[in-house]
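Chemist:
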Amino acid sequence: MTTDSTGSSTPPSAAPTANAGGQAPLRNERFAALPELTGVLAGQAPLGKGAKGAGVRAVQQALLDMGFSVPGGGADGIFGAQSAKAVRNFQVHARSAFPGVQPTGSVDAATLRALDALAPAPGQRGQTQHLPPPQYKGTPVRVVVVKDEHRTFLFDVLGRLQSIFGNAVGTGTTRTDPGLKKVTGKLNEAQSRELGKKLWGGPVFGPRIIDLSWADGSRSGEELHGTSAPADLGEDVSHGCVRHDNADIIVLADALKVGDMVAIVDSITDPNLGTPPVVTPPDLSGAVASRK
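Taking numbering that gives the first Met the number 0, the leading residue of the sequence shown gets 0, the next gets one more, and so forth.
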């Protein structure tokens, strides 16, 4: 059995069997029987900017359900710049488990296979495989911020995944420093807006600010907060803080308390996290044999 992010169990999928075209079918019901996705697997052009239809919508919804930011239209079935950004962030996440995946921003066969394996079942959210462990150098953490894929993972006090949120992190010159941080305070909506107006002339921090220090209590100068520029989520654009959608930062602020630990890492392969569980890609031997 497999378990989704809410703890409910779903039966494992049956092993794929090659179809008449020599390709093992997609296993996730989100993607099965969609002609444009079957075409991608068969070597037709990848889904990229300008593509439209049910296949694009299924990919967009899967990315949203996995916590990748697709600002703007969301799952509207139109593959634009925001969809390309979300696909690229997914590819960065998936490539350590699926070496054939490259961060192109288009959905080719390798990317589709990885998405088919890692996306939750229809109607579910989160992820069950290839997750960052909820600890940093052996210290339990409530949050893991993974910079290169632009996602924030929230765990409960027992280390179970609660939610995944898209984020934006610092630029190359105003980087978000990796390491173990600690929640030192929380600002409510009025306080966050007042501070935004004071420092930047407007409500740039959204409805919540979660102040962070280094684990030893020394000042880090970074916060988790909301944003007045949701279209920039999924990018390296901040002055060092970690931005989130305004609805998501409220969930994070409600879940965390002063003293909770937050790990910020460059990638899911950061050795300080430990080793994520190995993902076993689908067995495609039947498809290979049928092409010989």
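All residues carry an ideal CB built from backbone N, CA and C; glycine is no exception.
Everything numeric in this text was worked out from a predicted model, so none of it was measured.
Specify whether the stretch 106-121 and the stretch 43-63 touch according to this definition: at least 3 beta carbon pairs, one from each stretch, less than 8 Å apart.
Modeler: Short answer: they touch.
Chemist: Between Gly233 and Phe67, how many whole angstroms is the CB-CB distance? I'm expecting something under 8 Å.
Modeler: Mapped onto the sequence shown, residue 233 falls at position 234. Mapped onto the sequence shown, residue 67 falls at position 68. Contact flag correct, Cβ pair sits at about 7 Å.
Chemist: Mapping the DSSP letters down to three states, classify His92 as helix, strand or coil.
Modeler: The residue labelled residue 92 in the question sits at position 93 within the sequence shown. Looking at His92 - three-state DSSP - the assignment turns out to be helix.
Chemist: Just tell me which of Ala252, Leu157, Val140 has its CA closest to the CA of Arg207.
Modeler: Translated into positions along the sequence shown, residue 207 becomes position 208. Comparing Cα positions, the closest option is Ala252.
Chemist: Output needed for Val144: all residues of its chain with C-beta closer than 6 Å, excluding positions within five of it in sequence on either side, in chain order.
Modeler: As a first step, residue 144 is located in the sequence shown; it is residue number 145 there, counting from the start. Excluding residues within five positions, the ones whose Cβ falls inside 6 Å are Thr151, Val241, Ile263.
Chemist: If I follow the unbroken beta strand (DSSP E) through Thr37, where does it start and stop?
Modeler: Locating residue 37 in the sequence shown gives position 38, where the first residue counts as 1. Careful: Thr37 lies outside any beta strand (DSSP E), inside the alpha helix (DSSP H) at 34-40.
Chemist: Let's test the definition: count the other Cβ atoms within 10 Å of the Cβ of Thr138 and tell me whether it reaches 16, buried, or not, exposed.
Modeler: Taking the sequence shown and counting its residues from 1, one reaches residue 138 at position 139. Thr138 is exposed by the Cβ-count criterion.
Chemist: Quick one: using the 10 Å Cβ neighbour count with 16 as the cut-off for buried, is Asn166 buried or exposed?
Modeler: The residue you call residue 166 lines up with position 167 of the sequence shown. Its Cβ being crowded by 16 or more others within 10 Å, Asn166 is buried.
Chemist: Spell out the partners DSSP gives Gln134 in its beta bridges.
Modeler: Position 135 of the sequence shown, counted from the start, is the residue given in the question as residue 134. Note: Gln134 sits in a beta bridge opposite Pro139.
Chemist: Quick one: what does DSSP say Asp210 is sitting in, helix, strand or coil?
Modeler: Residue 210 sits at position 211 when you count from the first residue of the sequence shown. In this structure, Asp210 counts as strand in the three-state DSSP scheme.
Chemist: Indicate whether Lys51 and Gly72 have their beta-carbon atoms separated by less than 7 Å.
Modeler: Translated into the one-based positions of the sequence shown, residue 51 becomes position 52. Translated into the one-based positions of the sequence shown, residue 72 becomes position 73. It is not a contact, given that the beta carbons lie outside the stated cut-off.
Chemist: Just how far apart, CA to CA, sit Leu211 and Ile249?
Modeler: Here residue 211 refers to the residue found at position 212 of the sequence shown. Here residue 249 refers to the residue found at position 250 of the sequence shown. For Leu211 and Ile249, the distance between alpha carbons rounds to 16 Å.
Chemist: Could you pull out every residue in the same chain whose Cβ sits closer than 8 Å to the Cβ of Trp213, ignoring the five residues on either side in sequence?
Modeler: In the sequence shown, counting from the first residue as 1, residue 213 sits at position 214. Hits under 8 Å: Gly178, Leu179, Lys180, Lys181, Ser219.
Chemist: Among Glu188, Arg94, Asp269, which one has its Cα closest to the Cα of Ala298?
Modeler: This structure gives no information on residue 298, because the portion of the chain shown stretches from 0 to 291.
Chemist: So Val203 and Ser227 are supposed to be a Cβ contact under 8 Å. How far apart are they, rounded?
Modeler: Translated into positions along the sequence shown, residue 203 becomes position 204. Translated into positions along the sequence shown, residue 227 becomes position 228. Right, the Cβ-Cβ distance comes to about 5 Å (below 8 Å), so this counts as a contact.
Chemist: If you reduce the DSSP assignment to three classes, tell me which class Ile77 lands in.
Modeler: For the purposes of this step, residue 77 is taken as the residue at position 78 of the sequence shown. DSSP places Ile77 in strand when its eight states are reduced to three.
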